[in-house]
Every structure is written in structure tokens, then in C-alpha cells.
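Contents: one structure, followed by commentary.
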Amino acid sequence: MLAISSNLSKMIIFIFAIIIIVVLCVITYLYLYKDESLVSKHYINYMAIPENDGVFTWLPDFFPHVAVDISIYTNVEDDYFFSYFSLTNDDGVGLRKH
Numbered sequence: 001m002l003a004i005s006s007n008l009s010k011m012i013i014f015i016f017a018i019i020i021i022v023v024l025c026v027i028t029y030l031y032l033y034k035d036e037s038l039v040s041k042h043y044i045n046y047m048a049i050p051e052n053d054g055v056f057t058w059l060p061d062f063f064p065h066v067a068v069d070i071s072i073y074t075n076v077e078d079d080y081f082f083s084y085f086s087l088t089n090d091d092g093v094g095l096r097k098h
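Just so it is clear: in the sequence shown, position 95 is 95 by UniProt numbering, and no numbers are missing.
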């Protein structure tokens, strides 16, 4: 009886070890995974965006020309666009009207 109990406990420990290893592998993969198709670009202001860069095709018509500290993230394959930018208090009034 003692031999069966010992083998059972070894098997349970082995199964838990395998589960822990699999979980750690999945967590490591998710942590190290990087979306290679995501392109990020950063500009000091609107005038710093090159005309031939293609960024203007992603920007809406009402994008503020006085924007500063602009970060643009695009993924053409997933048709994804996201932008961060800053405005002064005076410049933000015009954007709220749109």
C-alpha cells in the first residue's frame, strides 16, 4: 500500500511540475512577443512630419496643425491607427468644436 501511495504522490508532483513548466513557457512567450507589423513614429510637432512619409493619409482632416509631441502607431495589415498628441490650453478649444 505504501508503494502505491509513494508512486501516486510522485506522479502528482510530476504532473504539477509539467503544468508549472507549461504555464511559465506561455507567460514567457506572451511577455517576449512583439507585434512586428506595428509601426510607431514620433514627431516633435505637426510640421516635423515629412510629406512623403505616408502619415498624412492616416490623419483625419481635423487633426490639429498645432499639435506637438505626436506619436503615431499604425498596422496596415489590421487596418489599425492610433495617435497621441499634446495641445496647449488655448489650442484645445478649436479641437473640441469638431
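Note that beta-carbon positions come from the ideal geometry of N, C-alpha and C, so glycine has one too.
Three-state secondary structure (DSSP) of residue i
i: Tyr-31; result: helix
i: Ser-37; result: coil
i: Val-55; result: helix
C-beta atoms of residue i and residue j nearer than 8 Å
i: Asp-69; j: Ser-86; result: yes
i: Thr-74; j: Phe-81; result: yes
Environment of residue i [buried if 16+ CB atoms lie within 10 Å]
i: Ala-48; result: exposed
i: Ile-72; result: buried
i: Ala-17; result: exposed
Residue range of the beta strand (DSSP E) that includes residue i
i: Tyr-46; result: Tyr-46 -> no beta strand (DSSP E), and no H or E assigned at all.
i: Ser-83; result: 80-86
Counterpart residues of residue i in DSSP-defined beta bridges
i: Val-68; result: Asn-45, Ser-86
i: Asn-75; result: Tyr-80
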